[in-house]
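Take a look at the structure below.
Residue numbers (this note's numbering): 45 to 875.
Encoded structure:
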C-alpha cells in the first residue's frame, strides 16, 4: 500500500512517508549503496580534475597517486566499519508507515553527523598530505579544490531525494575547455561564485539536518505518535491526519525552500555575469547545459539548430556569393532567435517557475500561466528547429549539402580518433535473435533470411534444397505481409489512442479499458496469425525433407527454437531480464569450440529444450494477461488533476489492483523461477560433460550472454597491458615491473569479476516488476553491492592507468594509442 501512496501523494508533507523514505537510504533504497545520504570517496576522475585545476606536473601526479591509494584504503576501512554499521542501524529503523521514537531519530542524526565528520577528516588528511608536493602558487589554488570537494560532500544530504542537489556552475563551465582568454575573464567571477555557492550549500545542508526531529515534533504537537499509523486502513482518519500534518509541516518546508531558492539565485546571478564574457560557441553550449542540468524539472526542450552546419557550408570555397549572403543572413537570424528564446526561458525561471519545494508548500503559483508559458516555449523551440532545417535544405544546393554532411561525419571521426581508445574487456555478444522486430513490444517478429541460414546449416542442406528454402521463405514473407502486417497497422493506431494529449489541461489522458482491451486483442490475434504462418512453413519443410529420422529430429529442434524465439519476443516487452533466459541450445550450437563436443551434450540440450519450451509458452501468455490488466488498472487510477487527494479512493484502488494482479504476480514469479532452475541445472550438467577447456569456454560464454552489463567495461586495461609488452624499446626494468603489474591486475580483476557475476546471478532471481514486498530489501542490498563492486573495478583500472603513466615514456604511451581516462562513476551514489 505504501508504494501506491508514495506515488500518489503530491503536495503533502506526510511525515510518515518522508521519514520512511529517508530511513530507506541504507542499502535497501534505490539500489545505490548509501544512496546519497553520505558522500562518496574522492574518485580517480575527480583526482584528475584536481590535478588539472592545480596544474600538476607528471611527477606531481604520480606522487599524488600514491597518497590517493592510502586515502582510498582508509576510506574502504571506514566503509566496511562505521559506515556499514550506520547503514544497518538506519535500515533497522524503517518501520513502513510507523514513526520511530524521537530518541532514535536524535541518535540517528548524531551518528549521521559523526560519520560525515569522519569522511571530512579523511579528505582533509589527503589534502594535507599532498601539500608537500605543491608549489607556492599551487598551494594558493588548493583551497578552491578543497571547496569543490566540500560541495561534493554537501550534495549528500536529505534534500537530495526531493530535488535538493545543487547545480555547480563552476564545475560545468570549467569542463568546457575554455580558451585562455575566456578563462582569464571568467575565473575571478568563478572564484567568488564558488565561495558563495559553498556557503549557500552549507546553509541548505543545515536546513535539512533537523528535518526528521522537526517532523516528529510537528506530529507530537498535533497529538499523533508512532502508533498513529496503525489506523492506516481507516481512509477518513488517514485523510484527516495527513491534512493536519501538511499544515503543521509548512514551516519546515518553507525553511528548506528558502535555502534552495538561495542556491538558485546564486547560480542565476553568476550565469548572467559570465554569459557576456564567453565566446559564441562556448556560450551556446553552456546555456544549454545550465538550463538542462540546473533546472531539469522544467519540462521545456531547448532548440538544437546546428549552426555548425551553416559554418561548414560557409567554409566551402565554391559556394555562390548570393547563397553565401543568404546563409550568413539566415544564420544571424537563427542565432538571434535562439538568444531571444533563452532570454525568455531565463525570465520564466526567474519570475514564473514554481520554487523547488512549492509542491510541498501547496503554493505553486498560477499553474495555468506556467503551463501556457511552457507550451509556448516548447512550440517556439520546435518552430526554430524546423526553420533551421528548412533554411539549410532550401538555401544550400544538394551537392554542397552532401559535402557538409561528409564534413560532419569526418569531424566526428576525428574527434573520436583524438580520444584515447576505450576497449571493453570482452565485448557484449551480438544478439542471437534471428527474427525481425514487429515494431510492437508484444508481437513477435517474423523469421528472416538469417533464420533460413541457421536452418539450412543445421540440416546441412545442399544447394538445391537451399534454393527451395529461399523460394519458400519468399512465400512466407508475402503471407506475413498479407495476414500480419495489416494487424500491425491497426495495433499502431490503437497504441496512439492509448494515451492522448488533452489541450485543455495540457496533460495526457488514458484511452480507457475499451481501447486497452482492443489493443491486446489485436496483439493476441497477430501472435496467433504469426504462429500459424510458422507452423505452415515448417509443415512444408517436413514434407519436402527426405524420409530420414536425423533430418526430422533436427527440424523439430529448429521448430522448437523458433517457438522459443516468438515467446521471448513477447517477454522482452515487459521487464523480463535476458539473464533469466539464455538459449542453451543456440549457445552451444553456434560456438565452434562447443560444436566439436556436441555429441557429449546433445541429450542434455534436448532435455532442456523440451523442459523449458512449455514453461516459456505459458509464461508469455501470462505476461500478456498481466500487462493487459496493468494497463486497464492504469486507466482506472483515481483522478488527481484537481490537486485533491482522496485517501479512500486510493485505498479502494490499491485493494482492487492487488485483487486482480496478486495471484498473477505469484504465478509469473513461479514460472520465472522454474526457468531459472531448469537452465541452471542444464548449464551445470553440460559443463560437467565437457572437457575442462570447453567447459570454461561454455560457462564464460553463458555469463557474458547472461550478464553483458558486468562484462561491459570501457576502461579495462587487459589490451593495453598486452600491447605494452610488445613495445620494442622496453627496458629490462620496465618489462619486469610491467609483468608484475599485469599479474596483480589480472588476479584482482578476475576476483572482482567473479564477485560481480555472483551478485548478478542473485539479482536475476528477481523480476523488478514482480517483486514481492518481502524481497525488496534483499534485492536492493544486492544492487547496492553491485554498485560498490563497479566502483572498485573502476578504481582498479584507474590505478593501472596511473602506474602505466609512471612506468612508460610519453612516446611509448603514444604508441599504445594513449591511455583511457578513468571511468566516471555510472551512478553518483555508488557507495
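Glycine included, C-beta positions come from ideal geometry on N, C-alpha and C.
Can you say whether residue i is buried or exposed, counting buried as having 16 or more other CB atoms within 10 angstroms of its CB?
i	result
residue 592	exposed
residue 176	exposed
residue 435	buried
residue 787	exposed
residue 290	buried
residue 726	buried
residue 560	buried
residue 375	buried
residue 109	buried
residue 187	exposed
residue 707	exposed
residue 181	exposed
residue 102	exposed
residue 810	buried
residue 642	exposed
residue 866	buried
residue 395	exposed
residue 855	exposed
residue 594	exposed
Would you kindly work out how many angstroms separate the C-alpha atoms of residue i and residue j, rounded to a whole number?
i	j	result
residue 673	residue 704	8 Å
residue 605	residue 628	10 Å
residue 426	residue 391	19 Å
residue 750	residue 800	12 Å
residue 884	residue 197	There is no way to answer for residue 884, as the model of the chain reaches only from 45 to 875.
residue 207	residue 381	Residue confidence is low: residue 207 scores 49 on pLDDT, short of 50, so the model does not pin down where it sits. Its coordinate-derived value is still stated next. One C-alpha to the other measures close to 31 Å.
residue 849	residue 840	14 Å
residue 859	residue 789	21 Å
residue 510	residue 502	12 Å
residue 316	residue 221	20 Å
residue 83	residue 212	16 Å
residue 326	residue 225	12 Å
residue 105	residue 847	11 Å
residue 451	residue 863	27 Å
residue 257	residue 86	31 Å
residue 746	residue 652	15 Å
residue 219	residue 332	14 Å
residue 733	residue 337	55 Å
residue 742	residue 88	35 Å
residue 417	residue 430	20 Å
residue 670	residue 611	15 Å
residue 633	residue 735	16 Å
Shorter than 8 Å from the beta carbon of residue i to some beta carbon of chain B?
i	result
residue 354	Absent here is chain B; the protein component of the structure consists of one chain.
According to DSSP, is residue i part of a helix, a strand, or is it coil?
i	result
residue 289	helix
residue 810	coil
residue 761	coil
residue 785	helix
residue 504	coil
residue 856	helix
residue 245	helix
residue 98	helix
residue 69	Low confidence applies to residue 69: its pLDDT is 43, below 50, so where it sits in the model is not reliable, and the reading given next is rough at best. Coil, per DSSP.
residue 254	coil
residue 865	coil
residue 165	helix
residue 770	coil
residue 570	helix
residue 399	coil
residue 751	coil
residue 81	coil
residue 261	helix
residue 451	helix
Length at least 4, wholly inside the segment 613-655: the alpha helix (DSSP H) runs in chain order: 628-633 and 636-639
Length-filtered (4 minimum) alpha helix (DSSP H) runs lying within the segment 677-734: Fully enclosed alpha helix (DSSP H) runs of 4 or longer: 691-733.
Whole runs of the alpha helix (DSSP H) within the segment 171-230, excluding any shorter than 4 residues: 180-199 and 213-218
Inside the segment 104-149 only - alpha helix (DSSP H) runs reaching at least 4 residues: 128-136
Beta strand (DSSP E) runs contained entirely in the segment 317-389, provided each spans 3 or more residues: Correct list: empty.
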